[in-house]
């Protein structure tokens, strides 16, 4: 193994077409695929940790995280074979828990996966043509069950478990919505698809038995236990202005109106191909994510809808709309938000919603912000920064600043900071950018576009072009190490420009094929180039001629670099070797072992070498190169590496690839030979600002200052005016209040005189009242005493009466009990004797009935024998009739022969008229289509009618048989009725006697009831008398209490009066005391 080590530090990129490509590990950490890694990214602290893909992996296809957030499953293809790796996320670093790679069934790829609620089982879906759904006990690498989900090569997009049930799973795809249950080692479908088959793109469980499903036609369905319960459609409204508005236009409910962790993404390429072919205008629902209030779903390009559950009913309504904002840096701002949302995921607390898009972007929004924006749609924000959405074609770095410059086929140029891991500048253009180079000072870039080569300034907030060259389709460009020159490739010609006068200094011609790579030597005296023609040339820039050359036509070179001492050239190409070239000859060739090297870079110290491969891996080697194949290989990208660079201090390795990702690696040599170079001067903090920008800002500042001064003057003037107004108002108010005070004084004097008059009148009234009260008290005392005496006498008389009554009633009750018991005994004896007589008579009657039944059976047999004879006679009659009919039939056959002859003559006439009919047939054919469809309906209805006729006939036969039986039974009934009447005649006299006895018993019982009623009435009378007594007692007590209260009041009043009399010599005090006495007794009154 090599002693040169590379550690992945940070990645700028996302692979959005991996199924289920984003989810939360916890509230701060998200996991997403980038390159050939899964990245754990802390949103708050901005650090990244990496879970590398398997060795020789060709890229990740699908991800799934367990509900307990402990395990991560990654589906990959390794050397054309599928593999599932399960990592334990809780361990640091994440370690491989299980690898599923031995399959007893045919499989090409695993395109979707899901963990069970308890994380013990794993559900995997394979790609067509097999389309197998596999149910794993993953810890034991055991297949529990397997079923083929589709036999028509339709794609399945998503599988999931019921969040509360390990045994229930759901699969959705093109024309496929299946609910399956695992039982007894098999998966069985539990639902039946009704209606038209839809292209179901995504689904999410909203409860234990309810699933929301989205289609490519903008429809959302709610299924409960496999049956559709609710439906809504999201349509694109044709806009009146340039910007299009999406809206929900249709909603239908059925009779019954009505979380996974994140929603995976279907095969986006397949869906978009179908979309371009059919030219759909409907928004496609690529992603659905459930949360506690309802669910979120993608609703066409750049748009997410939140649906909340209605409280009263069991269905959902649209509550919020979230949009991707328009990017001002885009070359087409109106189109920058038109990107499909492929995956949605809620944080565990449901505070944050994260979305990934088809342009490899990550967006997030805090859910509380969506509630604030009433009516208007909320807007996503970038989770990190805008990322490249296509293959990165150019990579550059500088010396004076920690900057990385990249350009891509997504027509954008981006400037990154590898120290703070942020995006510094970003701009999109009309044309594709193929190559980029950054000036050593970090202030300028040169970019090769499809139409021109542009030299640009990196300003504080913009990338602005200041010189354009008519170099079309420039695929390679590079600033010299000193920054005074730059080279640009145009096909097979290399143009050299100076950065001082910006002129073309020289053109280097000699390559017969396209130049693929150029590199400057340390002192910028020479330029090395390689191309598809298999040639490597070393150019002398002072003369513009080739100094050395090495041509190998069988090899198409991809990249070239030179050692720090400029003596040895290293080149890699299509022949799967690394070549070491010196003095126009190949010194060594080192095999790449079944891969093509696409990029190469050597450290400035000359101790470390790194190469990039066509499968996206990085190989770290020490230099000088060892004789054995010693290198460390690292998983990096999911596509061929396009460019590699080392920073000037040899601390960081930068790699970009066709997967649109940029990786930064920390590199070092374990032997300590590549000791880091100490920087004498720190990174420059200066930025470029144009003079016009500065002048504009200065002008704006002046305008603002003048505006501030004007506002101060205005405020002072306004304050003075207000002071004047307020002083006038204060004067007016003081005058008013003085006038009011004088008027109130006069009123007060008037009220005092009135009060004195009222006091005199109150005194007179109190004296009158006191006299009246004393008289009334005396009268009441006399009356109450008389009443009490009378009531007491009445009470004693009533008490004596009640005692007498009680004694009498007790005697009567004793006499009645004795007589009743005697009468009951006599009656029981009498009726028991009668019952014995009746039972003997009943037994005799039963014996008579039995004899009559025997007689009835004998008569029945005789009747049956008579009926058989009659049937035979009828049979003979009908046989005779049949013979007669046959004879008549023969005669009719003769007549039909004659008719046939007539028919043939008529047929000739018909043939003559067929010519006329053929003319009408044309019209008939048109109508036949309609007739056939109607005939089919008629045939169906006729079949139903026939079936119903047959059932009716069967029922009529039964009815006929039952009627016959009924007639026979009615005959028997008539005979039996006659006999029953005779028996009743015998029973009637006995029943009359029983009736007489019953009437006697009823009379006796009526007498008993009368006695009971009399007793109860007497008891009620006694109770009433007791109640009256209690009421009179209570009245007496009340009256006595009143009397005591009045006496107490009189005493108190007398004492108060006595106290007032003490002041009879002082009239003023006497007056006050009397007034106080009056107020006191008035309030009590």
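Numbering (the numbering used here), first residue to last: 681 to 1765.
We put the CB at the ideal spot given by N, CA and C, even for glycine.
**residue 991 to residue 974 span [Cα, whole Å]** = 11 Å
**Prompt:** Where do the N-terminal and C-terminal ends of the alpha helix (DSSP H) with residue 1571 fall, by residue?
**Reply:** 1371-1741
**Asked** Cα separation between residue 1712 and residue 1752?
**Response** 46 Å
**Request:** Answer yes or no: do residue 894 and residue 859 have a C-beta to C-beta separation smaller than 8 Å?
**Result:** no
**Asked** Which term fits residue 1463, buried or exposed, when burial requires 16 or more other beta carbons within 10 angstroms of its beta carbon?
**Response** exposed
**Request:** State yes or no: is the C-beta of residue 1080 within less than 8 Å of the C-beta of residue 1363?
**Result:** yes
**Message:** Comparing C-alpha positions only, which one of 1204, 1510, 1202, 1188 sits nearest to residue 1216?
**Reply:** 1188
**Request:** From the DSSP output, read off the bridge partner residues of residue 806.
**Result:** 790
**Message:** Quick check: the segment 1037-1050 against the segment 1287-1303, are at least 3 beta-carbon pairs closer than 8 Å?
**Reply:** no
**Asked** Starting from residue 1748 and walking both ways along the beta strand (DSSP E), at which residues does that stretch end?
**Response** Note, residue 1748: premise wrong, no beta strand (DSSP E); alpha helix (DSSP H) at 1747-1764.
**Item:** CB contact flag (residue 744, residue 700, <8 Å)
**Value:** yes
**Message:** Contact between the segment 747-764 and the segment 789-803 is defined here as three or more beta-carbon pairs at a separation below 8 Å; is this criterion met?
**Reply:** yes
**Message:** Taking only three categories from DSSP, how would you classify residue 818?
**Reply:** helix
**Prompt:** Is residue 1048 helix, strand or coil when you go by DSSP?
**Reply:** helix
**Message:** Judging by CA-CA distance, which residue of 1429, 697, 1737, 1702 is the nearest neighbour of residue 1020?
**Reply:** 697
**Item:** Where residue 718 falls: helix, strand or coil (DSSP)
**Value:** strand
**Message:** Counting C-beta neighbours from all protein chains within 10 Å, is the total for residue 1126 16 or more, i.e. buried, or is it exposed?
**Reply:** buried
**Message:** Classify residue 1738: buried if its beta carbon has 16 or more other beta carbons within 10 angstroms, exposed otherwise.
**Reply:** exposed
**Prompt:** Who are the near neighbours of residue 1730 in its chain, counting only those whose CB is closer than 8 Å to its CB and skipping five residues on each side?
**Reply:** 1453, 1454, 1457
**Asked** Can the beta-carbon of residue 1135 be found less than 8 Å from the beta-carbon of residue 1078?
**Response** no
**Request:** Put residue 891 into one of helix, strand or coil per three-state DSSP.
**Result:** strand
**Request:** Can you tell me which of the three DSSP states residue 867 falls into?
**Result:** strand
**Prompt:** residue 982 by DSSP, collapsed to three states: which one?
**Reply:** coil
**Message:** I need the DSSP call for residue 709, collapsed to helix, strand or coil.
**Reply:** strand
**Message:** Am I right that residue 1507 and residue 1681 are in contact with their C-beta atoms under 8 Å? What's the rounded C-beta distance?
**Reply:** 7 Å
**Prompt:** Mapping DSSP to helix, strand and coil, what is residue 1178?
**Reply:** strand
**Request:** Tell me, please, which residues DSSP counts as bridged to residue 856.
**Result:** 853
**Item:** Pair within 8 Å by beta-carbon distance, residue 1346 and residue 689
**Value:** yes
**Request:** Determine the extent of the beta strand (DSSP E) in which residue 751 is found, giving its start and end residues.
**Result:** 751-758
**Asked** Looking only at C-alpha atoms, which of 879, 1068, 910 sits nearest to residue 897?
**Response** 879
**Request:** Below 8 Å on the Cβ atoms is my guess for residue 1128 versus residue 1157; work out the distance and round it to an integer in Å.
**Result:** 5 Å
**Request:** Starting from residue 839, follow the beta strand (DSSP E) in both directions and report where the run begins and ends.
**Result:** 836-842
**Expected contact under 8 Å - CB spacing of residue 1024 and residue 976 to nearest Å** = 5 Å
**Message:** If distances are taken between C-alpha atoms only, which option among 994, 987, 1008 comes closest to residue 1000?
**Reply:** 987
**Request:** Quick one: give me the first and last residue of the beta strand (DSSP E) that residue 776 is part of.
**Result:** 775-780
**Request:** Run the CB neighbour count on residue 1756, radius 10 Å, all protein chains shown included, and call it buried at 16 or more, exposed below.
**Result:** exposed
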